[in-house]
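Numbering (our numbering), first residue to last: 24 to 102.
If you want it as structure tokens, here you go:
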């Protein structure tokens with residue numbers, strides 16, 4: 024499975040959205056992306072990519088697009 028597929032699946036499973044909704048998807052676009060959902064997603068990302076994100080990056084992780092940028096800091100390429 025590609026990194027993009029892993030990344031998308033985490034969003035799809037955590038927030039119960041479709042893949043078509045991901046471009047432009049941001050924090051609190053759905054009730055599921057609240058503070059608890061946010062931390063659930065972060066934990067899933069850290070497990071999937073074997074990383075430990077800094078607190079500032081967790082806070083800045085505000086959209087699907089921004090998340091791809093942040094993951095590059097951890098050498099996770101999302102094409």
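Every residue, glycine too, gets a C-beta built ideally from N, C-alpha and C.
This one's a predicted model, so the numbers in the text were calculated from it and none came from an experiment.
Per-residue burial, residue i [other beta carbons within 10 Å of its own, 16 or more giving buried]
i          : result
residue 27 : exposed
residue 64 : buried
residue 90 : buried
residue 62 : exposed
residue 76 : buried
Residues bridged to residue i (per DSSP)
i          : result
residue 86 : 49
Assigned secondary structure, residue i (DSSP; H/G/I helix, E/B strand, else coil)
i           : result
residue 41  : coil
residue 91  : helix
residue 101 : coil
residue 29  : helix
Backbone CA spacing between residue i and residue j [nearest angstrom]
i          : j          : result
residue 83 : residue 43 : 23 Å
residue 85 : residue 48 : 9 Å
residue 34 : residue 74 : 17 Å
residue 98 : residue 41 : 26 Å
residue 96 : residue 80 : 9 Å
3-residue-minimum beta strand (DSSP E) runs that sit fully inside the stretch 48-79, ordered along the chain: Positions of the beta strand (DSSP E) runs, each at least 3 residues long and wholly inside the stretch 48-79, cannot be given because no such run exists.
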